[in-house]
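Engineer: Got a structure for you, questions after.
Residue numbers (full-length UniProt numbering): 1 to 111.
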């Protein structure tokens, strides 16, 4: 039996009030994964919006609630420089390349 007509969300969920100040009834409320009482309609709309943003290429960034455009890290060729490490065992021909770190390392002149 409902004791009062208007109450808090908790009172509505417990059955001691008929609806909230905003007019939400027990059928329109639900518990979310954190245990909070939320509007069923707003909850589903929020999930739908996030799903839509993911499809557009947005994702949340750790440490902030903002959504960031998913990007690929810049590749080595776009950043410039060689993709090889100076200490990697690579064939060095010596043609057009006499002052490179690899040659100097082999010669024993590198720091």
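Cβ atoms here follow ideal geometry from the backbone N, Cα and C, with glycine treated the same way. Bear in mind that the values here come from a model prediction, so they are computed numbers and not experimental data.
Compute the Euclidean distance between the alpha carbons of residue 26 and residue 47, then round it to the nearest angstrom.
Structural biologist: On the chain shown, position 26 is the one that residue 26 refers to. On the chain shown, position 47 is the one that residue 47 refers to. Approximately 21 Å, taken between the alpha carbons.
Engineer: Tell me which residue opens and which closes the alpha helix (DSSP H) that residue 11 is part of.
Structural biologist: Start at 1 with the first residue of the chain shown, and residue 11 comes out as number 11. Residues 9-14.
Engineer: Got a sec, what are the start and stop residues for the beta strand (DSSP E) residue 29 sits in?
Structural biologist: To locate residue 29, count along the chain shown from 1; it is residue 29. Its beta strand (DSSP E) spans residues 29-31.
Engineer: If the criterion is Cβ atoms closer than 9 Å, does the pair residue 4 and residue 16 meet it?
Structural biologist: Locating residue 4 in the chain shown gives position 4, counting from the first residue. Locating residue 16 in the chain shown gives position 16, counting from the first residue. Yes, these two residues count as a Cβ contact at 9 Å.
Engineer: Mapping DSSP to helix, strand and coil, what is residue 25?
Structural biologist: Here the question's residue 25 lines up with position 25 in the chain shown. Residue 25: coil per DSSP, three-state reduction.
Engineer: Between which residues of its own chain and residue 24 is the CB-CB distance below 8 Å, once the five residues before and five after are set aside?
Structural biologist: What you label residue 24 is simply residue 24 of the chain shown in a count that begins at 1. Excluding positions up to five away in sequence, the list reads 9, 12 and 39.
Engineer: Under three-state DSSP, which class holds residue 51?
Structural biologist: Sequence index remark: in the chain shown, residue 51 carries index 51 (1-based). It is helical.
Engineer: Using 10 angstroms around the beta-carbon of residue 52, count the other beta-carbons present and answer buried if the total reaches 16, otherwise exposed.
Structural biologist: Against the chain shown, residue 52 aligns to sequence position 52. That one is exposed.
Engineer: Suppose the cutoff is 7 Å on Cβ atoms and the five residues either side in sequence are ignored; what does the same chain contact list for residue 31 look like?
Structural biologist: Taking the first residue of the chain shown as 1, we reach residue 31 at position 31. Within the same chain, residue 31 has close Cβ partners 37.
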